[in-house]
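Mapping of the sequence shown onto the working numbering: residues 103 to 562, in sequence order.
Each residue gets a CB set at the ideal place from its N, CA and C atoms; glycine is no exception.
Values in this document were obtained by computation on a predicted structure and should not be read as measured data.
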Amino acid sequence: MKVLEKKEEIYTQTVEDYMKHLFNSVQERNPHEGEFQQAVKEVLDSLVPVLEKNPKYIKHGVLERLLEPERMISFRVPWVDDSGKIQVNRGYRVQFNSAIGPYKGGLRFHASVNASIIKFLGFEQIFKNSLTGQPIGGGKGGSDFDPKGKSDLEIMRFCQSFMTELSKHIGPDIDVPAGDIGVGAREIGYMFGQYKRLKGAYEAGVLTGKGIGYGGSLGRKEATGYGLVYFVEEMLIAQGLSFKNSTVVVSGSGNVSIYAMEKAMQLGAKVVACSDSNGYIYDPNGINLDTVKRLKEEDNKRIYEYVKAHPGASYEEGYTGIWGIPCDIALPCATQNELNKESAEKLISNGTKAVGEGANMPSTLEAVDAFLEHNVLFAPAKAANAGGVAVSALEMAQNSARVAWTEDEVDRKLQDIMKDIYIKSMKASEEYATKGNIVVGANIAGFVKVADAMIEQGII
Numbered sequence: 103m104k105v106l107e108k109k110e111e112i113y114t115q116t117v118e119d120y121m122k123h124l125f126n127s128v129q130e131r132n133p134h135e136g137e138f139q140q141a142v143k144e145v146l147d148s149l150v151p152v153l154e155k156n157p158k159y160i161k162h163g164v165l166e167r168l169l170e171p172e173r174m175i176s177f178r179v180p181w182v183d184d185s186g187k188i189q190v191n192r193g194y195r196v197q198f199n200s201a202i203g204p205y206k207g208g209l210r211f212h213a214s215v216n217a218s219i220i221k222f223l224g225f226e227q228i229f230k231n232s233l234t235g236q237p238i239g240g241g242k243g244g245s246d247f248d249p250k251g252k253s254d255l256e257i258m259r260f261c262q263s264f265m266t267e268l269s270k271h272i273g274p275d276i277d278v279p280a281g282d283i284g285v286g287a288r289e290i291g292y293m294f295g296q297y298k299r300l301k302g303a304y305e306a307g308v309l310t311g312k313g314i315g316y317g318g319s320l321g322r323k324e325a326t327g328y329g330l331v332y333f334v335e336e337m338l339i340a341q342g343l344s345f346k347n348s349t350v351v352v353s354g355s356g357n358v359s360i361y362a363m364e365k366a367m368q369l370g371a372k373v374v375a376c377s378d379s380n381g382y383i384y385d386p387n388g389i390n391l392d393t394v395k396r397l398k399e400e401d402n403k404r405i406y407e408y409v410k411a412h413p414g415a416s417y418e419e420g421y422t423g424i425w426g427i428p429c430d431i432a433l434p435c436a437t438q439n440e441l442n443k444e445s446a447e448k449l450i451s452n453g454t455k456a457v458g459e460g461a462n463m464p465s466t467l468e469a470v471d472a473f474l475e476h477n478v479l480f481a482p483a484k485a486a487n488a489g490g491v492a493v494s495a496l497e498m499a500q501n502s503a504r505v506a507w508t509e510d511e512v513d514r515k516l517q518d519i520m521k522d523i524y525i526k527s528m529k530a531s532e533e534y535a536t537k538g539n540i541v542v543g544a545n546i547a548g549f550v551k552v553a554d555a556m557i558e559q560g561i562i
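Set out below in structure tokens:
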């Protein structure tokens with residue numbers, strides 16, 4: 103509740119009032135960007151005790167600058183489909199903050215992509231990347247192009263057109279994109295090939311998530327899912343709990359979900375449910391991961407096909423019902439805002455002990471508040487799913503040194519990074535009198551590193 107004082111303009115205002123003013127400004131300047139506003143509000147609410155203790159962040163206008171991207175790029179992506187028809191999509195890249203390193207963040211290809219989603223993802227990436235301890239800034243990009251139902255040739259043509267424009271704005275020491283929803287090894291390969299063709303040089307560090315044969319890192323595919331489970335396990339151990347003998351529900355059935363399930367099973371958990379955008383499966387005997395991998399990674403089929411191979415399992419339309427299944431640990435790994443207050447209340451009433459976010463902002467603000475109010479252990483995305491970008495940074499390091507680490511080396515580094523993120527988040531939580539609140543702790547720990555760097559580099 104400290105009163106703020108500004109040079110040349112003295113006025114009485116609490117930090118809470120200052121934060122409200124900042125958020126109102128964001129709403130006015132970005133009126134139709136609900137996801138971005140949601141991400142900003144969560145961070146601003148967390149940072150009140152930091153600004154009360156450190157007024158230098160107000161004096162130097164850190165938040166005013168942090169809330170505005172350094173650069174927002176929007177461009178046309180024309181391409182020709184298999185029937186010879188010209189298609190046009192919109193591409194984006196937000197270069198949000200480079201205070202601690204080159205911009206780093208994935209590319210998302212999905213019909214829902216718009217400026218708001220790219221900005222919320224890029225904003226979250228600032229703090230997530232800071233938490234990893236790696237020298238990477240925050241960025242994000244993508245397109246409203248949907249790879250589903252497209253042929254390989256159509257996807258290649260789109261990726262080449264997309265990279266033709268994006269290549270003007272990226273580089274190993276400028277901005278290093280990676281994959282996200284709709285962008286896997288195939289898409290990264292097509293984009294890397296086009297970048298190489300345009301630049302006439304082999305700059306391996308310009309993209310991460312590459313194939314192992316041309317500069318990719320072992321362990322990158324598993325990193326986000328494994329990292330999520332490593333983080334949640336640290337949170338559980340601190341409370342005398344563990345994945346061992348726990349029942350787990352995981353939403354989604356993509357890359358993050360599959361490897362979160364795999365690592366949870368390796369730690370002794372029984373995963374009983376997963377989903378896709380159409381519905382979810384429940385297998386009381388425990389999900390057969392080999393079947394899920396075959397359906398999703400090899401055959402590109404819907405999750406309902408699972409029940410044909412496993413008669414004891416059931417399938418339900420609509421993915422939100424998955425949160426009504428009793429479980430000890432819930433891992434939302436599908437997409438933003440998939441878990442609302444109603445779903446949170448179902449998990450709470452069923453005695454769920456912990457929730458770990460594998461997707462970016464999968465829980466609404468109301469859902470997060472419900473978990474915290476009922477003392478459910480909660481691991482926020484910017485801390486819990488940082489394993490993917492952490493190993494992307496390790497891929498950059500290997501590319502720079504022209505070396506390749508073993509899968510065990512990468513996994514050990516990933517475990518150390520996730521443990522360090524947990525420790526930093528808890529330490530920040532305790533320092534600012536919000537003990538045990540990892541949401542606040544992660545926001546604060548990520549913010550302070552970036553904010554101090556911004557002050558040292560001047561008003562830019």
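{"Check": "Does LEU309 come out as helix, strand or coil in the three-state DSSP assignment?", "Outcome": "coil"}
{"Check": "Tell me the rounded alpha-carbon separation between VAL457 and GLY302.", "Outcome": "47 Å"}
{"Check": "What residues are listed by DSSP as bridge partners for GLY315?", "Outcome": "Answer by DSSP bridge pairing: none, since GLY315 is not bridged."}
{"Check": "Using C-beta distances below 7 Å, list every residue in its chain close to ILE219, excluding the 5 sequence neighbours before and after it, in chain order.", "Outcome": "GLU137"}
{"Check": "By DSSP's criteria, LEU165 is part of a beta bridge. Which residues make up the other side?", "Outcome": "Partner(s): none; LEU165 has no beta bridge."}
{"Check": "With a threshold of 6 Å on Cβ separation, who are the neighbours of THR466 within its own chain once the five nearest residues in sequence on each side are excluded?", "Outcome": "ASN439 and ASN442"}
{"Check": "Does the Cβ-Cβ distance between VAL353 and ALA481 come in under 7 Å?", "Outcome": "It is worth fixing the name first, because residue 353 is Ser in this sequence and not Val. Cβ atoms of SER353 and ALA481: not closer than 7 Å."}
{"Check": "Please determine, among SER359, LYS526 and ILE525, the residue with the shortest C-alpha to C-alpha distance to GLU574.", "Outcome": "Residue 574 is absent from the structure shown; the chain starts at 103 and stops at 562."}
{"Check": "For SER191, which of helix, strand or coil comes out of DSSP?", "Outcome": "Note that residue 191 is Asn in the sequence shown here, rather than Ser. If DSSP states are grouped into helix, strand and coil, ASN191 belongs with the strands."}
{"Check": "In the DSSP assignment, find the unbroken beta strand (DSSP E) run with PHE480 in it and report its ends.", "Outcome": "479–481"}
{"Check": "How many Å lie between GLY426 and TYR417 at the Cα?", "Outcome": "14 Å"}
{"Check": "Out of ASN501, ASP147 and TYR205, which has the shortest C-alpha to C-alpha gap to PRO171?", "Outcome": "TYR205"}
{"Check": "Which class does LYS526 belong to by DSSP, given the choice of helix, strand or coil?", "Outcome": "helix"}
{"Check": "Compute the Euclidean distance between the alpha carbons of GLY534 and ASP184, then round it to the nearest angstrom.", "Outcome": "For clarity, residue 534 is Tyr in the given sequence; the question names Gly instead. Their backbone Cα atoms lie some 58 Å apart in a straight line."}
{"Check": "Under 7 Å between the Cβ atoms of ALA375 and VAL351?", "Outcome": "yes"}
{"Check": "Per DSSP, what are the beta-bridge partners of SER416 in this structure?", "Outcome": "TYR384"}
{"Check": "From the DSSP secondary-structure annotation, give me the bridge partner or partners of ILE562.", "Outcome": "In the DSSP output, where bridge partners are listed per residue, ILE562 has none listed."}
{"Check": "Here's a check: name, in chain order, each residue in its chain whose Cβ is nearer than 6 Å to the Cβ of ILE561, leaving out the five neighbours to either side.", "Outcome": "none"}
{"Check": "Give a yes or no on whether the C-beta atoms belonging to LYS270 and PHE294 are separated by under 7 Å.", "Outcome": "no"}
{"Check": "Note the first and the last residue of the continuous beta strand (DSSP E) segment covering GLY240.", "Outcome": "239–245"}
{"Check": "Classify ASP183 as helix, strand or coil using the three-state DSSP reduction.", "Outcome": "coil"}
{"Check": "Over the uninterrupted alpha helix (DSSP H) stretch that includes TYR120, give me the two end residues.", "Outcome": "117–131"}
{"Check": "Taking its Cβ as the centre, do 16 or more other Cβ atoms sit within 10 Å of VAL190, making it buried, or is it exposed?", "Outcome": "exposed"}
{"Check": "To which residues does DSSP link ILE175 through a beta bridge?", "Outcome": "ARG195"}
{"Check": "Where in the stretch 404–481 do unbroken runs of the beta strand (DSSP E), each at least 3 residues long, occur, reported from the N-terminal end onward?", "Outcome": "416–419, 431–433, 456–458 and 479–481"}
{"Check": "When you compare only the Cα positions, how much space is there between LYS108 and LYS161?", "Outcome": "With a pLDDT of 49 at LYS108, under the threshold of 50, the modelled position of this residue cannot be trusted; read the value that follows with caution. One C-alpha to the other measures close to 7 Å."}
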